[in-house]
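First residue of the sequence shown? That's 1 in this note's numbering, and the numbers climb one at a time after it.
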Amino acid sequence: MLTLLRHTDGTPFRDLNHNGTMEPYEDPRLPVEERVEDLLTRMTLQEKAALMLHGRMLPGDQGPFPSGARLITERGLTHFAMMAVPDPRAMAEWNNHVQGLAAAGRLGIPVTLSSDPRHGFTANPATAHTGGGFSTGPEPIGLAATDDPDLVRRYADLIRRELCAVGIRVAIHPMADLATEPRWARISGTFGEDPERASRMITAYIEGLQGGPIGPDSVACMTKHFPGGGPQAAGEDSHFAAGRRLVYPGGEFETHLRPFEAAFAAGTAQIMPAYAIPSGSGLAEVGANFNRDVITGLLRGRYGFDGVVCTDFNAITGMDVPGVVTLPPRHWGVEELSVAEQVVLTLDAGADQLGGETDPELILAAVRSGAVTEARLDESVRRILRDKFRLGLFADPYVDPEAAADLVGAPEGRTLGREVQRRSVVHLAGEPRTATRLYVEGIDPAVAAGYGTLVEEPERAELAVIRLATPYERREGLLEQHFHSGSLEFEPAEVDRLTALAATVPTVFAAHLERPAVLTPLAPHAALLIGEFGAADEVVLDAALGRAPMTATLPFDLPRSDAAVAASREDVPFDTRAPLFRHGYRATGENRAAGEG
Numbered sequence: 001m002l003t004l005l006r007h008t009d010g011t012p013f014r015d016l017n018h019n020g021t022m023e024p025y026e027d028p029r030l031p032v033e034e035r036v037e038d039l040l041t042r043m044t045l046q047e048k049a050a051l052m053l054h055g056r057m058l059p060g061d062q063g064p065f066p067s068g069a070r071l072i073t074e075r076g077l078t079h080f081a082m083m084a085v086p087d088p089r090a091m092a093e094w095n096n097h098v099q100g101l102a103a104a105g106r107l108g109i110p111v112t113l114s115s116d117p118r119h120g121f122t123a124n125p126a127t128a129h130t131g132g133g134f135s136t137g138p139e140p141i142g143l144a145a146t147d148d149p150d151l152v153r154r155y156a157d158l159i160r161r162e163l164c165a166v167g168i169r170v171a172i173h174p175m176a177d178l179a180t181e182p183r184w185a186r187i188s189g190t191f192g193e194d195p196e197r198a199s200r201m202i203t204a205y206i207e208g209l210q211g212g213p214i215g216p217d218s219v220a221c222m223t224k225h226f227p228g229g230g231p232q233a234a235g236e237d238s239h240f241a242a243g244r245r246l247v248y249p250g251g252e253f254e255t256h257l258r259p260f261e262a263a264f265a266a267g268t269a270q271i272m273p274a275y276a277i278p279s280g281s282g283l284a285e286v287g288a289n290f291n292r293d294v295i296t297g298l299l300r301g302r303y304g305f306d307g308v309v310c311t312d313f314n315a316i317t318g319m320d321v322p323g324v325v326t327l328p329p330r331h332w333g334v335e336e337l338s339v340a341e342q343v344v345l346t347l348d349a350g351a352d353q354l355g356g357e358t359d360p361e362l363i364l365a366a367v368r369s370g371a372v373t374e375a376r377l378d379e380s381v382r383r384i385l386r387d388k389f390r391l392g393l394f395a396d397p398y399v400d401p402e403a404a405a406d407l408v409g410a411p412e413g414r415t416l417g418r419e420v421q422r423r424s425v426v427h428l429a430g431e432p433r434t435a436t437r438l439y440v441e442g443i444d445p446a447v448a449a450g451y452g453t454l455v456e457e458p459e460r461a462e463l464a465v466i467r468l469a470t471p472y473e474r475r476e477g478l479l480e481q482h483f484h485s486g487s488l489e490f491e492p493a494e495v496d497r498l499t500a501l502a503a504t505v506p507t508v509f510a511a512h513l514e515r516p517a518v519l520t521p522l523a524p525h526a527a528l529l530i531g532e533f534g535a536a537d538e539v540v541l542d543a544a545l546g547r548a549p550m551t552a553t554l555p556f557d558l559p560r561s562d563a564a565v566a567a568s569r570e571d572v573p574f575d576t577r578a579p580l581f582r583h584g585y586r587a588t589g590e591n592r593a594a595g596e597g
C-alpha cells in the first residue's frame with residue numbers, strides 16, 4: 001500500500017506525482033504551509049474545483065450515489081461522507097481502495113473520509129448511523145446528562161481511535177446547537193438546553209476527538225450548525241421547507257453563539273453552517289450557507305475562524321436517489337436564484353466546500369463567468385489542503401484492516417460505551433425495586449429473561465418495565481419520516497392503557513428522551529420513572545431493579561404540556577411555564593421538580 005522513495009540525502013518520501021523526485025509538497029521535513037503553497041502552484045483549476053466538493057460515498061460503489069471510483073478517477077474528488085456501516089474490516093479495506101485510486105492520480109492528493117455520528121442509537125440516513133460494530137454509547141444529549149467532562153473526553157477519545165482505525169478522519173459533529181425548542185427533531189444530537197453545560201461538553205468532546213492540535217492521530221471536528229440551529233420556528237427541521245427559519249422572539253441570538261465560542265476555544269478544525277435563515281437576527285435574510293454576514297462577517301470576522309467551512313449537504317442541487325425519490329435542495333432564502341447564482345453566492349459568503357455536491361463544473365462555471373476568481377478558490381484550497389497535511393494523509397492515508405477489526409468494538413471499548421450509557425440514565429421519580437417475575441414491553445425477552453421469570457400477563461408480574469419512545473407526529477416522505485417532530489404528548493388512549501397497567505402492577509416507565517417528552521400524565525402512576533438517551537436493555541433493567549445507581553441529571557427541562565411548549569419562545573432557554581422537571585434535576589439530588597406533586 002505505502003511505497004516510499006528516498007531523496008538523495010536519504011529522506012524517505014512518497015512520490016505522489018510519480019516523477020521520482022522529492023518535490024517540496026512531498027518533503028516531510030518542510031512546514032505544512034510551505035507544502036501547501038507548493039502543491040497549490042501545481043494544481044489545475046479543475047483540481048481546485050474538485051477539492052472544494054465534499055460528496056457522499058457508499059463502500060463498494062453500490063447504492064444511490066455516484067460511483068466513488070468514478071468521482072475520484074474522472075472528476076478528481078477527494079472528500080467523501082461515508083453513508084453506510086459495513087463491518088470495520090470492510091470499511092478499512094474500502095478506505096485503502098479509494099486511497100489507492102487517489103494515489104494513482106496526477107498529484108496523488110489523498111482522500112479524506114468523513115462521517116456523521118456512528119456511536120449512538122439513532123439511525124437517520126441524513127444525520128446519524130448505527131451498526132458497523134462501533135462501541136455504542138448514548139446520544140450526545142446523554143453525554144450532556146452525565147455532566148462529566150472527563151468521562152465525555154475519554155469516550156470521545158475512544159470514538160477517535162475507532163474512526164481512525166477504519167479511515168474516517170473528519171467527524172461531521174459535534175452539534176453546538178442549543179435545545180431551546182423542545183419540538184425540534186435534532187435535540188438528541190445536541191448537548192442540551194443550557195449554554196454553560198453545552199459549552200463544557202463541546203470542549204471535552206472536541207478535545208477527545210482532536211487530541212489537541214490537529215495531527216496524524218486526530219479526527220478533525222466539523223462543528224455545526226453555525227450560528228446555532230436550535231431555535232427552529234415551531235420546532236420544524238431545516239431539512240424541509242417548513243423549517244426554513246431560525247427565529248429569535250426572545251432576542252437570544254447571542255446565547256446560541258456561546259457553545260460555538262467554546263468550540264473555537266477548543267480548536268475545532270472545521271465548521272458547518274445551518275440550512276436555515278437566521279430570521280430577525282440583523283443578519284442577511286438568507287440561509288446561513290449562502291450568508292456572507294454569517295460566514296465572512298460573524299465567523300471569519302468577529303471570531304477570526306480560519307478553518308474549513310463546509311456547507312450543509314445538498315443545499316444547492318438537492319439529491320437524486322434513482323428509482324426512489326428526488327430530495328429538493330435546501331436553498332432557503334435564495335430559491336429564486338439559479339443554481340449558478342447560488343454557487344456564486346455561497347463562495348462569496350466564504351464557504352470552502354460544497355457539502356453533498358460532486359460536479360466540479362458548478363465551481364468551474366462560476367470562474368469562467370468571471371463571477372469568482374481563481375484567487376478566491378485558492379483561499380479555500382489552502383485551508384482544505386492544510387487539514388489533509390495536518391491529519392497526516394499525505395504521509396500515510398492507509399489503515400490496517402486487521403487492526404481495525406481488532407480495535408473497533410473491542411471489549412474495552414464496549415465496556416466504556418456501556419459505562420457511559422449507565423452514567424447517562426436520569427432518575428426522575430419513584431424508587432427502584434427488586435422483583436423476580438417481570439412483565440416487559442420494548443425490551444428483548446432474551447435479555448429480560450436474565451433478570452427473572454417473564455410473564456405474559458401483567459397481573460401475574462411483580463414488576464412491569466416499559467420502555468417508552470418520545471411521542472412525535474408521523475410525517476410523509478422518505479426522509480421526513482426519520483425526523484421526529486411535532487407533539488410531545490402521548491395519545492390519550494395510550495395514556496389510559498399505561499395508567500391502567502400501572503394500576504395493575506407496579507410499573508417502571510423508562511422514557512427514551514430523544515426530545516423532552518411530556519410525562520405529566522404518567523409520572524404520578526409510576527413506581528419508578530427514568531429517562532434515558534440511548535441505552536441497552538441491560539442498562540435499563542439494571543436501573544429499574546436497583547442494580548446500578550442513577551447519577552445523571554436532566555440536560556433540558558421536561559415541559560408540562562404541549563400548550564406550554566407552544567407558548568414558549570424558540571430561542572430562550574428554560575422558557576416553558578412550570579415544567580414538570582427542570583434542567584439539572586434528578587430525584588435523589590438536591591434539586592426537586594418544579595410543581596411536582
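From the three backbone atoms N, C-alpha and C, an ideal C-beta is built for every residue, glycine too.
Only a predicted model underlies this, so the values are computations on that prediction, with no experimental measurement involved.
query	result
Between the CA atoms of Ile384 and Leu71 - distance to the nearest angstrom	18 Å
Proximity to Ala598 [Cα-Cα], best of Arg89, Phe264 and Ala511	Given a span of 1 to 597 for the chain in the structure shown, any question on residue 598 remains unanswerable.
Top-ranked residue by Cα proximity to Leu454, from Ala469, Arg437 and Ile466	Arg437
Cβ-based burial, Thr21 [other Cβ within 10 Å; buried from 16]	exposed
Separation of His331 from Pro273, as counted between CA atoms	12 Å
For Phe121, the three-state DSSP class (helix, strand or coil)	coil
Leu53 versus Leu77: straight-line alpha-carbon distance, rounded	7 Å
For Tyr398, the first and last residue of its enclosing beta strand (DSSP E)	That residue, Tyr398, is in no beta strand (DSSP E); it is neither H nor E in DSSP.
Spatial neighbours of Leu30 in its chain, beta-carbon cut-off 7 Å, leaving aside the 5 residues before and after	Pro24
Selected residue, minimal CA-CA separation from Arg423, among Glu462, Ala536 and Gly251	Ala536
Alpha carbon of Gly215 to alpha carbon of Arg390, nearest angstrom	5 Å
Nearest-angstrom Cα separation, counted from Ala123 out to Pro117	10 Å
Contact under 9 Å by Cβ, Val572 with Pro249	yes
Delimiting residues of the beta strand (DSSP E) encompassing Pro259	Looking at the DSSP string, Pro259 is not in any beta strand (DSSP E); the run it does join, the alpha helix (DSSP H), is Arg258 to Ala266.
Nearest-angstrom Cα separation, counted from Arg586 out to Leu428	5 Å
7 Å CB neighbourhood of Asn591 in its chain, flanking five on each side removed	Interpretation of Asn591 is limited by its pLDDT of 46, a score under 50 that renders its predicted location unreliable; no figure is taken from the coordinates.
Neighbourhood of Gly589 by C-beta distance below 7 Å, restricted to the same chain and skipping five residues each side	Residue placement at Gly589 is flagged as unreliable, the pLDDT there being 47, under the threshold of 50; a coordinate-derived value is accordingly withheld.
Simplified DSSP assignment, three categories, for Arg111	Correcting the residue type first, residue 111 is Val in the shown sequence and not Arg. Looking at Val111 - three-state DSSP - the assignment turns out to be coil, as it is neither helix nor strand.
Residues of its chain near Ala204, where Cβ-Cβ distance is below 6 Å and the 5 sequence neighbours each way are ignored	Pro149, Val152 and Arg153
Residue closest to Val508, alpha-carbon to alpha-carbon, out of His484, Gly133, Ala543 and Ala220	Ala543
Burial state of Leu478 (16 or more Cβ within 10 Å)	exposed
Beta-carbon proximity list for Ser114, same chain, < 6 Å, skipping 5 on both sides	Ala81, Val170 and Ile172
Asp217, buried or exposed, once every other Cβ within 10 Å from all chains shown has been counted against 16	exposed
Thr3, DSSP secondary structure in three states	coil
Coarse secondary structure for Thr499, derived from DSSP in three states	helix
Residue from Ala566, Ala395 and Leu541 whose Cα sits closest to the Cα of Leu2	Ala395
The region 90-104 / the region 368-388 touching (three or more Cβ pairs under 8 Å)	no
Three-way DSSP call (helix, strand, coil) for Pro549 in this model	coil
Three-state secondary structure (DSSP) of His482	helix
Straight-line gap, Leu178 to Glu261 (C-alpha atoms, nearest Å)	13 Å
Chain C within 9 Å of Ser369, Cβ atoms only	Absent here is chain C; the protein component of the structure consists of one chain.
Ile206 and Ala288 closer than 9 Å at C-beta	no
Residue from Gly235, His225 and Glu236 with nearest C-alpha to His256	His225
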